[in-house]
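**Student:**
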Amino acid sequence: MSVTELETKEIQLDAPTGLWRDAWQRLIRNPAAIIGLVLVSLFVLTALFADVIAPYDPRDSDLSRLEGSCCPGPSSEYWFGVDDVGRDQFSRVVYGARFSLLIGVVAVTVGVTFGVLLGSISGYLGGATDTLIMRLMDIMLSIPGLLMAIGIAAMLGPGLLSVMIAVGVVNIPIFARLLRGSVLGQKHNDFVLAARAVGVPRRTILFSHILPNAISPVIVAGTLALATAIIDAAGLGFLGLGPQDPSTPEWGTMLTNTVRYLQTAPHLAIIPGLAIVVSVLGFNLIGDGLREALDPKLRGRT
Amino acid sequence: MLRFVVRRLLLLVPILLGLSILVFLWVRALPGDPAAALLGERATAESIEQVREQYGLDRPIHIQYLAYLRLVVVDRNLGTSIESRRPITEEISRRFPATVELAVASLIFATVFGIPLGFFAAKRYGGFFDNASLVGSLLGISIPIFFLALILKWIFAVELGLFPTIGRQSVEINVDHPTNFYVLDAIIALDPVAFSDALWHLVLPAIALGSIPLAIIARITRAAVLDVQNEDYVRTARAKGLASSVVDRRHVFRNAMLPVVTIIGLQTGLLLSGAILTETVFAIPGMGSWLAEAIEASDYPVLQGGILFVAVIFVLVNLLVDIAYALVDPRVRLS
Numbered sequence: 185m186s187v188t189e190l191e192t193k194e195i196q197l198d199a200p201t202g203l204w205r206d207a208w209q210r211l212i213r214n215p216a217a218i219i220g221l222v223l224v225s226l227f228v229l230t231a232l233f234a235d236v237i238a239p240y241d242p243r244d245s246d247l248s249r250l251e252g253s254c255c256p257g258p259s260s261e262y263w264f265g266v267d268d269v270g271r272d273q274f275s276r277v278v279y280g281a282r283f284s285l286l287i288g289v290v291a292v293t294v295g296v297t298f299g300v301l302l303g304s305i306s307g308y309l310g311g312a313t314d315t316l317i318m319r320l321m322d323i324m325l326s327i328p329g330l331l332m333a334i335g336i337a338a339m340l341g342p343g344l345l346s347v348m349i350a351v352g353v354v355n356i357p358i359f360a361r362l363l364r365g366s367v368l369g370q371k372h373n374d375f376v377l378a379a380r381a382v383g384v385p386r387r388t389i390l391f392s393h394i395l396p397n398a399i400s401p402v403i404v405a406g407t408l409a410l411a412t413a414i415i416d417a418a419g420l421g422f423l424g425l426g427p428q429d430p431s432t433p434e435w436g437t438m439l440t441n442t443v444r445y446l447q448t449a450p451h452l453a454i455i456p457g458l459a460i461v462v463s464v465l466g467f468n469l470i471g472d473g474l475r476e477a478l479d480p481k482l483r484g485r486t
Numbered sequence: 002m003l004r005f006v007v008r009r010l011l012l013l014v015p016i017l018l019g020l021s022i023l024v025f026l027w028v029r030a031l032p033g034d035p036a037a038a039l040l041g042e043r044a045t046a047e048s049i050e051q052v053r054e055q056y057g058l059d060r061p062i063h064i065q066y067l068a069y070l071r072l073v074v075v076d077r078n079l080g081t082s083i084e085s086r087r088p089i090t091e092e093i094s095r096r097f098p099a100t101v102e103l104a105v106a107s108l109i110f111a112t113v114f115g116i117p118l119g120f121f122a123a124k125r126y127g128g129f130f131d132n133a134s135l136v137g138s139l140l141g142i143s144i145p146i147f148f149l150a151l152i153l154k155w156i157f158a159v160e161l162g163l164f165p166t167i168g169r170q171s172v173e174i175n176v177d178h179p180t181n182f183y184v185l186d187a188i189i190a191l192d193p194v195a196f197s198d199a200l201w202h203l204v205l206p207a208i209a210l211g212s213i214p215l216a217i218i219a220r221i222t223r224a225a226v227l228d229v230q231n232e233d234y235v236r237t238a239r240a241k242g243l244a245s246s247v248v249d250r251r252h253v254f255r256n257a258m259l260p261v262v263t264i265i266g267l268q269t270g271l272l273l274s275g276a277i278l279t280e281t282v283f284a285i286p287g288m289g290s291w292l293a294e295a296i297e298a299s300d301y302p303v304l305q306g307g308i309l310f311v312a313v314i315f316v317l318v319n320l321l322v323d324i325a326y327a328l329v330d331p332r333v334r335l336s
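Just so you know, the protein sequences line up as chains E and D, in that order.
Under our numbering, think of the first position of the first sequence as 185, with each following residue one higher.
Under our numbering, think of the first position of the second sequence as 2, with each following residue one higher.
1. Residues in its own chain within less than 8 Å of arginine 239 of chain D by CB, not counting five upstream and five downstream?
2. Say whether the region 312-323 of chain E touches the region 258-271 of chain D, bearing in mind that this needs 3 or more beta-carbon pairs closer than 8 Å, one atom from each stretch.
3. Name the DSSP bridge partner or partners of valine 266 of chain E?
4. How would you call arginine 271 of chain E, buried or exposed, if buried means at least 16 neighbouring beta carbons within 10 angstroms?
5. Report all residues from its chain with a CB closer than 6 Å to the CB of aspartate 198 of chain E; omit the five preceding and five following residues, and keep chain order.
6. Kindly say whether isoleucine 195 of chain E, judged by its beta-carbon, lies nearer than 9 Å to any beta-carbon of chain D.
7. Quick one: list the residues of chain E neighbouring serine 212 of chain D, beta-carbon separation under 9 Å, in chain order.
8. With DSSP as the reference, label proline 193 of chain D as helix, strand or coil.
9. For asparagine 468 of chain E, which residues in chain D fall below 7 Å Cβ to Cβ?
10. Could you check what DSSP says for proline 385 of chain E in three-state terms: helix, strand or coil?
11. Tell me which residues share the same chain as proline 450 of chain E and place their Cβ nearer than 8 Å to its Cβ, disregarding the 5 neighbours each side in the sequence.
12. Along the chain, where does the alpha helix (DSSP H) containing threonine 81 of chain D start, and where does it finish?
13. Closest Cβ-Cβ distance between serine 225 of chain E and chain D: below 9 Å?
14. Got a sec: which bits of the region 321-334 of chain E sit with their beta carbon under 9 Å from any beta carbon on chain D, in order along the chain?
15. DSSP beta-bridge partners for proline 88 of chain D?
16. For isoleucine 327 of chain E, name the three-state secondary structure that DSSP assigns.
17. Residues of chain E with CB under 9 Å from isoleucine 296 of chain D, in chain order?
18. List, in order along the chain, the chain E residues whose C-beta lies closer than 9 Å to that of isoleucine 174 of chain D?
19. For serine 463 of chain E, which option in E:Asn214, E:Thr442, E:Leu221 has the closest C-alpha, if you only look at C-alpha atoms?
20. So that I know if they touch, is there some Cβ in chain E lying closer than 9 Å to that of isoleucine 308 of chain D?
21. Thinking C-alpha only, which one of E:Ser326, E:Gly352, E:Val269 is nearest serine 245 of chain E?
22. Compare the beta carbon distance of alanine 231 of chain E and serine 284 of chain E with 9 Å and say whether it is the shorter of the two.
23. For serine 274 of chain D, go through chain E and note every residue whose CB falls closer than 7 Å to its CB, in chain order.
24. Given this structure, state the Cα-to-Cα distance separating isoleucine 16 of chain D from valine 136 of chain D, to the nearest angstrom.
25. Grab me the residues of alanine 411 of chain E's own chain with a C-beta within less than 7 Å of its C-beta, minus the 5 sequence neighbours each way, in chain order.
26. Output, in chain order, the set of chain E residues within a Cβ distance shorter than 8 Å of isoleucine 16 of chain D.
27. Residues in the same chain with beta-carbon distance under 6 Å from valine 443 of chain E, minus the five sequence neighbours each way, listed in chain order, please.
28. On a CA-only basis, which of D:Ile217, D:Ala327, D:Ile308, D:Pro98 is nearest proline 117 of chain D? Give me that one, please.
29. Measure the CB-CB distance between aspartate 198 of chain D and alanine 187 of chain D and report whether it falls below 9 Å.
30. Quick one: any contact between the region 331-343 of chain E and the region 288-300 of chain D, if contact means 3 or more CB pairs under 8 Å?
31. Closer than 9 Å, CB to CB, is isoleucine 356 of chain E near chain D or not?
32. Could one say the Cβ of valine 464 of chain E lies closer than 9 Å to chain D's Cβ atoms, at least one of them?
33. Taking all protein chains shown into account, decide if tyrosine 308 of chain E is buried (16 or more other Cβ within 10 angstroms of its Cβ) or exposed.
34. Between which two residues does the alpha helix (DSSP H) holding proline 35 of chain D run?
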């Protein structure tokens with residue numbers, strides 16, 4: 185067995201498990217993080233089992249449900265009431281979780297993938313590549329987030345996919361900077377020097393030695409980015425850049441389409457709004473808890 | 002100090018150039034012919050030809066870019082709005098003050114409430130007030146601005162009638178608008194009714210837009226005060242018998258304000274982004290609602306010019322924040 189293999193094994197066996205077990209212990213002792221875990225589990229389970237939970241088809245509009253008025257409030261038959269075209273609001277909110285989760289996960293995946301790639305290349309190679317990538321990131325950061333998302337979504341044409349890509353691209357520079365800093369900090373560590381000394385290829389050093397050690401800030405930032413992604417996507421939906429088919433049960437779009445009933449049937453706008461708040465709050469609570477749990481300065485103080 | 006400023010100004014050049022390239026390419030990436038995109042559906046063959054000529058669309062792309070750069074930098078021409086048929090720079094001079102006014106009001110709201118909130122949370126570390134403010138600030142960053150704006154408008158303006166629902170001033174107010182900052186205009190006109198009316202219109206939008214900065218400022222203040230409280234010089238000050246309020250004011254508060262000042266400066270991007278949503282909800286005729294309308298109308302010249310303008314403002318404000326920070330904290334100048 186070569187030195188490098190030993191090295192890889194040791195990092196994988198030792199550092200991560202210790203760190204993660206430690207972090208987990210601290211996370212589950214933090215009441216705020218537990219509330220976050222509960223909220224997010226609720227949100228993810230709702231999204232996964234939407235077809236089981238929802239009593240009706242979210243797109244099925246039946247004007248007879250309106251009973252001649254707009255719009256009937258919560259009842260035993262329709263828990264969250266009926267919307268302006270006779271769709272069951274509860275089923276729509278439940279399916280909305282699926283869309284929000286999808287948007288959040290895809291957007292953050294886009295941001296993390298490209299951000300991690302660009303940031304680690306930038307930090308590891310240094311020199312002209314670093315300058316070029318980082319200046320590009322600076323330019324992207326010089327446009328306020330939502331404005332850039334609007335530009336991208338307008339360029340791609342409104343729709344669910346555009347919203348996901350737009351929100352994801354906005355996240356790229358954030359992760360790129362994070363990773364670059366992290367890689368720069370580790371580049372001169374002993375284990376990296378050792379791996380280089382025995383001739384491990386640069387790519388292997390970056391991907392199997394440096395990146396695994398840079399992952400914890402990415403997880404924290406990723407959790408918080410999920411929260412922002414859901415809010416930003418709802419904002420784009422509110423501005424009319426979301427799904428163009430109004431029957432799509434996306435929370436931001438649902439809210440926009442029912443704002444005019446705020447005085448007569450406030451539940452139509454308030455319930456999807458609260459759904460956004462609750463899911464975003466969940467991710468923020470977990471993100472905060474993770475940040476504290478993974479903070480090396482606090483390690484060992486369980 | 003001068004060297005620091007010059008270096009930062011030089012760093013600005015590639016960013017601004019990159020920004021202009023990005024915005025320039027953006028129009029070319031739009032679906033369809035760029036001339037048609039810039040003119041909208043009502044374009045005639047004649048006007049398309051004119052735009053082709055003006056932007057040099059029949060020439061190679063780098064020449065086109067230089068033509069665009071000259072148009073923007075030398076002629077200060079950002080194009081014409083498809084919807085209003087007015088020059089974009091003219092619209093900006095009317096609308097930008099509204100956004101600045103709203104952003105400043107939001108920042109004042111966030112600072113005036115955020116700093117004391119964070120300070121007292123730190124003073125009662127781990128207590129009820131501390132936990133309540135932590136939960137409150139997390140809630141603050143978890144509520145979409147447009148949702149908060151809608152709820153505030155619905156409860157306080159529509160249902161309770163305490164505040165105006167839309168716009169910047171009531172119809173019966175009649176003052177000149179030399180600056181387009183309505184609060185300032187009322188002061189210039191020495192009209193107390195117009196002054197309170199303009200302020201009254203700002204309250205709800207400022208609370209909605211200021212909610213996230215408020216949460217962030219409170220959290221940073223709390224963290225900074227907790228940090229400073231454990232410093233040796235604070236312990237020394239207490240040990241030599243200084244009154245607790247004097248230590249808080251002279252030693253803790255002053256030193257804790259450094260990171261807070263930076264964070265306040267960093268809210269610009271958030272405020273400019275949030276203004277798009279807040280202005281739309283309250284129908285405030287600023288930059289934000291203008292861009293939102295431009296999306297709906299596919300008014301691409303407005304989006305192009307507006308995004309470029311807002312981004313340049315954002316970059317410049319960040320530069321000013323950096324310089325201000327270097328003035329306050331000499332250590333920054335050296336790094």
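We treat Cβ as the ideally placed atom computed from N, Cα and C, and that holds for glycine.
Every value quoted in this text rests on a predicted model; they were computed, and no experiment measured them.
**Tutor:** Taking the coordinates as given:
1. Taking the second sequence and counting its residues from 1, one reaches residue 239 of chain D at position 238. Within the same chain, arginine 239 of chain D has close Cβ partners Ser245, Val248.
2. These segments do not touch.
3. Along the first sequence, one-based indexing puts residue 266 of chain E at 82. For valine 266 of chain E, which the question treats as bridged, DSSP gives the partners E:Asp272.
4. As a first step, residue 271 of chain E is located in the first sequence; it is residue number 87 there, counting from the start. Buried: at least 16 other Cβ atoms inside 10 Å.
5. The sequence position of residue 198 of chain E within the first sequence is 14, counting from 1. Unreliable placement is indicated for aspartate 198 of chain E, whose pLDDT of 46 sits below 50; no coordinate value is reported for it.
6. Along the first sequence, read from residue 1 onward, the residue named residue 195 of chain E stands at position 11. With a pLDDT of only 47 at isoleucine 195 of chain E, under 50, the local geometry of the prediction cannot be trusted, and the value read off the model is given with reservation. Closer than 9 Å to the CB of isoleucine 195 of chain E there is not a single CB belonging to chain D.
7. Within the second sequence, numbered from 1, the residue matching residue 212 of chain D stands at position 211. Close partners of serine 212 of chain D in chain E (Cβ separation under 9 Å) are lacking, with about 12 Å as the shortest Cβ gap.
8. Position 192 of the second sequence, counting from 1, holds the residue named residue 193 of chain D. Taken through DSSP and simplified to helix, strand or coil, proline 193 of chain D comes out as helix.
9. Along the first sequence, read from residue 1 onward, the residue named residue 468 of chain E stands at position 284. For asparagine 468 of chain E, the chain D residues whose Cβ falls inside 7 Å of its Cβ are Leu139, Ile142, Ser143, in order along the chain.
10. If you number the first sequence from 1, residue 385 of chain E lands on position 201. Coil, per DSSP.
11. The residue labelled residue 450 of chain E in the question sits at position 266 within the first sequence. Around proline 450 of chain E: no qualifying Cβ.
12. Here residue 81 of chain D refers to the residue found at position 80 when the second sequence is read from its first residue. Counting along the chain, threonine 81 of chain D falls outside any alpha helix (DSSP H), and DSSP gives it neither H nor E.
13. By 1-based counting over the first sequence, the position of residue 225 of chain E is 41. For serine 225 of chain E, not one C-beta of chain D is nearer than 9 Å to its own C-beta.
14. Within the region 321-334 of chain E, the residues whose Cβ lies closer than 9 Å to some Cβ of chain D are Asp322, Ile323, Met324, Leu325, Ser326, Ile327, Pro328, Gly329, Leu330, Leu331, Met332, Ala333, Ile334, listed in chain order.
15. Here residue 88 of chain D refers to the residue found at position 87 of the second sequence. When DSSP reads this structure, proline 88 of chain D sits in a beta bridge with D:Thr81.
16. Residue mapping note: residue 327 of chain E aligns to position 143 of the first sequence, counting from 1. Annotated three-state conformation of isoleucine 327 of chain E is coil, per DSSP.
17. Numbered from its first residue, the second sequence carries residue 296 of chain D at position 295. What isoleucine 296 of chain D touches in chain E: Ile334, Ala337, Ala338, Pro342, Leu423, Gly424, Leu425.
18. Stepping through the second sequence from its first residue, residue 174 of chain D is reached at position 173. For a Cβ distance threshold of 9 Å, nothing in chain E lies close to isoleucine 174 of chain D: the least Cβ distance comes to about 26 Å.
19. Counting from one through the first sequence, the residue named residue 463 of chain E turns up at place 279. The residue with the shortest Cα to Cα distance from serine 463 of chain E is E:Leu221.
20. Sequence index remark: in the second sequence, residue 308 of chain D carries index 307 (1-based). Yes, isoleucine 308 of chain D counts as interfacial toward chain E.
21. As a first step, residue 245 of chain E is located in the first sequence; it is residue number 61 there, counting from the start. Taking only the C-alpha atoms, the option nearest serine 245 of chain E is E:Val269.
22. Taking the first sequence and counting its residues from 1, the one referred to as residue 231 of chain E is at position 47. Taking the first sequence and counting its residues from 1, the one referred to as residue 284 of chain E is at position 100. Contact annotation: alanine 231 of chain E and serine 284 of chain E have beta-carbon atoms nearer than 9 Å.
23. Stepping through the second sequence from its first residue, residue 274 of chain D is reached at position 273. Within chain E, the residues near serine 274 of chain D are Pro328, Gly329, Leu330, Leu331.
24. Walking along the second sequence from the start, residue 16 of chain D turns up at place 15. Walking along the second sequence from the start, residue 136 of chain D turns up at place 135. Their Cα atoms are separated by approximately 38 Å.
25. Residue 411 of chain E sits at position 227 when you count from the first residue of the first sequence. Cβ-Cβ distances below 7 Å link alanine 411 of chain E to Val464, Phe467, Asn468, Gly471 in the same chain, with the five nearest sequence neighbours on each side left out; the list follows chain order.
26. The residue given as residue 16 of chain D occupies position 15 in the second sequence. Per Cβ cutoff of 8 Å: Arg319, Asp322, Ile323, Ser326.
27. As a first step, residue 443 of chain E must be located in the first sequence, where it is residue number 259. Residues of the same chain with a CB within less than 6 Å of the CB of valine 443 of chain E, apart from the 5 flanking positions on each side, are Ala453 in chain order.
28. Translated into positions along the second sequence, residue 117 of chain D becomes position 116. Comparing Cα-Cα distances from proline 117 of chain D to each of D:Ile217, D:Ala327, D:Ile308, D:Pro98, the minimum goes to D:Ile217.
29. Start at 1 with the first residue of the second sequence, and residue 198 of chain D comes out as number 197. Start at 1 with the first residue of the second sequence, and residue 187 of chain D comes out as number 186. Aspartate 198 of chain D places its beta carbon less than 9 Å from that of alanine 187 of chain D.
30. Result yes; three or more Cβ-Cβ pairs closer than 8 Å.
31. On the first sequence, position 172 is the one that residue 356 of chain E refers to. Not closer than 9 Å to any Cβ of chain D, the Cβ of isoleucine 356 of chain E fails to qualify, so no.
32. The residue you call residue 464 of chain E lines up with position 280 of the first sequence. True, the Cβ-Cβ gap to chain D drops below 9 Å.
33. As a working note, residue 308 of chain E is residue 124 in the first sequence. Classification of tyrosine 308 of chain E: buried, given that the 10 Å Cβ count is 16 or more.
34. On the second sequence, position 34 is the one that residue 35 of chain D refers to. Note, proline 35 of chain D: alpha helix (DSSP H), 35-40.
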